[in-house]
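For reference, the structure discussed in these notes is given below.
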Ligand code: ADP
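Numbering (the numbering used here), first residue to last: 1250 to 1710.
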């Protein structure tokens, strides 16, 4: 159903109240009819008792006297009550004219009992009390009837009121429902209005939190928390784009200026070679930076596509160390490897793990002065593999340890400036470890060296 909530609530309200009114009127009708029946039964029974008392008093005085007394009694009843009395042989002692004219077929009574019956006499409806009585040894059959018409009229009037009141009440209920649902939806409309105004330009704006501690308050608080998260991500993305553009502009400008200067006049082949090799070096660094940016962008989009397979970290570490040794040789650094004698199985993406190891080894070599030493140690306990990459390098100030894993963050910029890098390596390293269900931490003493610890869950071979 595409109806707005307000209309749906009103319809529901209307239906529920309409049904309640119908049920209420039906119960009233039932009660009314039951009360009419009790009243007319009581009334005809009272009349029957009066006749019985009359017979008890006058039966001994002979039939004629009884007839006269019954006639008098019948005349005395002003509310249209009727009566007829027969003796044991079935001879009528008295019959009200209506009984006489209609001669209704009334049920046979079994014993000295009282029964009630509804019948039409002279086109009016009567409730008849039938009674078999014994007075001074003689049996009489008494029929005492009271008209039900006045009661039926009252019932009819009540039903007319019912019919007129029901639609009116339903209309009133709809109006009330419409007003009530509108009132209860007011805060929702306010939330919609504010939410419609929130965009990229004013992401710091928040929804107004309603006073009462109800579902709407929880909804607004949840939406506000969501907005805060979106704002933080948005800021991160903006910052990332700004930093990435800045870091890309520098090498591109460098390549351009170098080429422009070289082309201003003709130069010997030696100079061209020198310029071209500088341009090549910068291009290689820029491709590396682009590669890193792409990795992080894919990671953000959740489209990194890692293929997790069982991998022997021990064997893999040896291959990475061989590559690292080539880097270290250029700076006269030594790299030692301490590993257990058995394979260390993890579930991992081989390319990603290789990248993680190279980032750490590359940093260790990069930030350790010539003649220093790097050590890579692998161990495992019951559920984790522990990799420690240690160097005797320049170290990291304690205040910087917290943020070196963030994008574009470099510790102690003045010192880092001498070494190439954009501050993306450790961000990628942290992302890779997290994707493998592991952790990465750093310890360092300034001027003494650093150690990076990686814990990764192990798996059965
Ligand atoms: P990059 O090396 O490109 O600057 P990283 O994300 O790999 O970026 O490292 C972030 C910063 O952490 C580096 O700029 C450096 O200041 C510091 N760092 C990382 N590894 C080491 C290390 N082994 N020794 C000293 N400082 C380090």
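Each residue gets a CB set at the ideal place from its N, CA and C atoms; glycine is no exception.
With contacts defined as CB atoms closer than 9 Å, residue 1334 and residue 1325 fail to qualify as a contacting pair. Selection 1270, 1685, 1507, 1490 evaluated against residue 1558 yields 1685 as nearest (Cα-Cα). C-alpha of residue 1392 to C-alpha of residue 1271: approximately 39 Å in a straight line. Residue environment: residue 1389 is assigned as buried (16 or more neighbouring CB atoms within 10 Å of its CB, all protein chains considered). 1601 is the residue among 1692, 1517, 1601 whose C-alpha sits nearest the C-alpha of residue 1556. With a cutoff of 8 Å, residue 1505 does not count as near the ligand ADP, since its C-beta is closer than that to no heavy atom of the ligand. Around the CB of residue 1471, fewer than 16 other CB atoms lie within 10 Å, so the residue is classed as exposed. Distance from the CA of residue 1566 to the CA of residue 1444, rounded to the nearest whole angstrom, comes to 52 Å. Around the CB of residue 1327, fewer than 16 other CB atoms lie within 10 Å, so the residue is classed as exposed.
For residue 1369, the secondary structure class from DSSP, reduced to helix, strand or coil, is strand.
Between the ligand ADP and residue 1483, a heavy atom-to-CB distance of less than 8 Å is absent. Taking a cut-off of 8 Å for Cβ pairs, the region 1531-1543 and the region 1665-1683 touch, as three or more such pairs fall below it.
It is roughly 27 Å from the alpha-carbon of residue 1680 to the alpha-carbon of residue 1622.
Of the candidates 1263, 1453, 1596, 1252, the residue whose Cα lies closest to the Cα of residue 1683 is 1596.
Each residue's CA atom was taken as its position, placing residue 1459 and residue 1475 some 17 Å apart. Burial check for residue 1265: the Cβ neighbour count within 10 Å stays below 16, so the residue is exposed. When only Cα atoms are considered, residue 1337 and residue 1387 end up about 7 Å apart.
By the 16-neighbour rule on beta-carbons within 10 angstroms, residue 1705 is buried. A Cβ-Cβ distance of about 13 Å is found for the pair residue 1607 and residue 1703, leaving them out of contact under the 8 Å criterion. For the pair residue 1379 and residue 1371, the Cα-to-Cα distance works out to about 19 Å.
By the neighbour-count criterion, in which 16 or more other beta carbons inside 10 Å mark a residue as buried, residue 1632 falls on the exposed side.
For residue 1631, there is no enclosing beta strand (DSSP E), as DSSP marks it with neither H nor E. In this structure, the alpha-carbon of residue 1319 lies about 13 Å from that of residue 1311. Listed in chain order, the non-local C-beta contacts of residue 1395 below 6 Å within the same chain comprise 1289, 1292, 1293, 1330, 1376, local neighbours out to five positions each way being set aside.
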